[in-house]
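Okay, so the sequence shown: first residue is 0 according to numbering that gives the first Met the number 0, each after it adds one.
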Amino acid sequence: MSFLIAVDDSLHGIRDALRQKGYQTVELTYADFRDVDAYVIDQSNKDLVRIKNTIADEPVIAASDDDAARVINTLRDKLKVYEKELNEP
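Given below as C-alpha coordinates:
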(Lines of atoms letter the chains of each structure in order from A and count residues from 1; the text may use other names and numbers.)
(Lines give C-alpha, C1' and ligand atoms only; values in the text may rest on other atoms or scores of the structure.)
Protein backbone atom coordinates (compact mmCIF):
# COMPACT_ATOMS: atom_id res chain seq x y z
CA MET A 1 0.00 0.00 0.00
CA SER A 2 1.35 3.42 -0.94
CA PHE A 3 0.62 6.21 1.50
CA LEU A 4 0.05 9.85 0.60
CA ILE A 5 1.76 12.31 2.93
CA ALA A 6 0.95 16.03 2.94
CA VAL A 7 4.17 17.90 3.69
CA ASP A 8 4.42 21.56 4.71
CA ASP A 9 5.64 23.51 1.68
CA SER A 10 8.81 24.65 3.50
CA LEU A 11 10.03 21.13 4.36
CA HIS A 12 11.74 20.27 1.07
CA GLY A 13 14.33 17.95 2.64
CA ILE A 14 11.67 15.87 4.35
CA ARG A 15 9.56 15.75 1.20
CA ASP A 16 12.55 14.52 -0.82
CA ALA A 17 13.51 11.91 1.82
CA LEU A 18 9.94 10.58 1.92
CA ARG A 19 9.87 10.25 -1.86
CA GLN A 20 13.18 8.36 -1.80
CA LYS A 21 11.59 5.92 0.67
CA GLY A 22 8.65 5.32 -1.67
CA TYR A 23 6.01 7.57 -0.10
CA GLN A 24 3.83 9.72 -2.30
CA THR A 25 3.88 13.35 -1.20
CA VAL A 26 1.84 16.45 -1.86
CA GLU A 27 2.41 20.00 -0.68
CA LEU A 28 0.19 20.85 2.25
CA THR A 29 -1.36 23.82 0.43
CA TYR A 30 -2.50 21.56 -2.43
CA ALA A 31 -3.57 18.54 -0.39
CA ASP A 32 -7.02 17.07 -0.79
CA PHE A 33 -7.51 16.26 2.86
CA ARG A 34 -9.85 13.36 2.11
CA ASP A 35 -7.02 11.43 0.46
CA VAL A 36 -4.11 12.16 2.81
CA ASP A 37 -2.84 9.45 5.17
CA ALA A 38 -0.59 11.68 7.32
CA TYR A 39 0.63 15.25 7.65
CA VAL A 40 4.09 16.68 8.29
CA ILE A 41 3.95 20.31 9.41
CA ASP A 42 6.70 22.84 10.10
CA GLN A 43 7.30 22.97 13.84
CA SER A 44 7.85 26.72 13.60
CA ASN A 45 4.20 27.13 12.58
CA LYS A 46 3.01 27.65 16.15
CA ASP A 47 -0.69 27.76 15.24
CA LEU A 48 -0.66 24.36 13.53
CA VAL A 49 1.61 22.78 16.14
CA ARG A 50 -0.69 23.91 18.94
CA ILE A 51 -3.76 22.30 17.33
CA LYS A 52 -2.00 19.44 15.52
CA ASN A 53 -3.87 16.73 17.40
CA THR A 54 -7.25 18.19 16.42
CA ILE A 55 -6.51 18.76 12.73
CA ALA A 56 -7.44 15.29 11.56
CA ASP A 57 -7.73 11.66 12.56
CA GLU A 58 -4.57 10.91 10.58
CA PRO A 59 -1.10 11.28 12.13
CA VAL A 60 0.22 14.84 12.28
CA ILE A 61 3.95 15.25 12.85
CA ALA A 62 5.58 18.58 13.69
CA ALA A 63 9.16 18.71 12.37
CA SER A 64 12.01 20.84 11.13
CA ASP A 65 13.72 20.10 7.82
CA ASP A 66 16.57 18.39 9.75
CA ASP A 67 14.21 15.75 11.18
CA ALA A 68 13.83 13.54 8.08
CA ALA A 69 15.00 10.30 9.74
CA ARG A 70 12.73 10.85 12.77
CA VAL A 71 9.75 11.67 10.54
CA ILE A 72 10.27 8.56 8.41
CA ASN A 73 10.55 6.32 11.47
CA THR A 74 7.48 7.88 13.09
CA LEU A 75 5.44 7.55 9.90
CA ARG A 76 6.55 3.95 9.43
CA ASP A 77 5.37 3.08 12.94
CA LYS A 78 2.10 5.02 12.83
CA LEU A 79 1.14 3.91 9.33
CA LYS A 80 1.80 0.24 10.16
CA VAL A 81 -0.90 0.52 12.82
CA TYR A 82 -3.16 2.38 10.40
CA GLU A 83 -2.66 -0.24 7.68
CA LYS A 84 -3.38 -3.03 10.17
CA GLU A 85 -6.64 -1.34 11.17
CA LEU A 86 -7.66 -1.01 7.54
CA ASN A 87 -7.06 -4.70 6.90
CA GLU A 88 -8.98 -5.96 9.93
CA PRO A 89 -12.41 -7.48 9.19
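No residue lacks a Cβ here, since even glycine has one placed at the ideal position from N, Cα and C.
In the structure shown, LEU47 falls within a helical segment according to DSSP collapsed to helix, strand and coil.
Under the 10 Å beta carbon count, TYR22 is surrounded by 16 or more other beta carbons and is classified as buried. The beta carbon of TYR38 is closer than 6 Å to those of ALA5, VAL59 in its chain, skipping five residues each way along the sequence. Under the three-state reduction of DSSP, GLN23 is assigned to strand. Going by beta carbons, ILE71 and ALA30 fall outside the 8 Å limit.
The residue from SER1, ARG33, LEU27 with its alpha-carbon nearest to that of ALA61 is LEU27.
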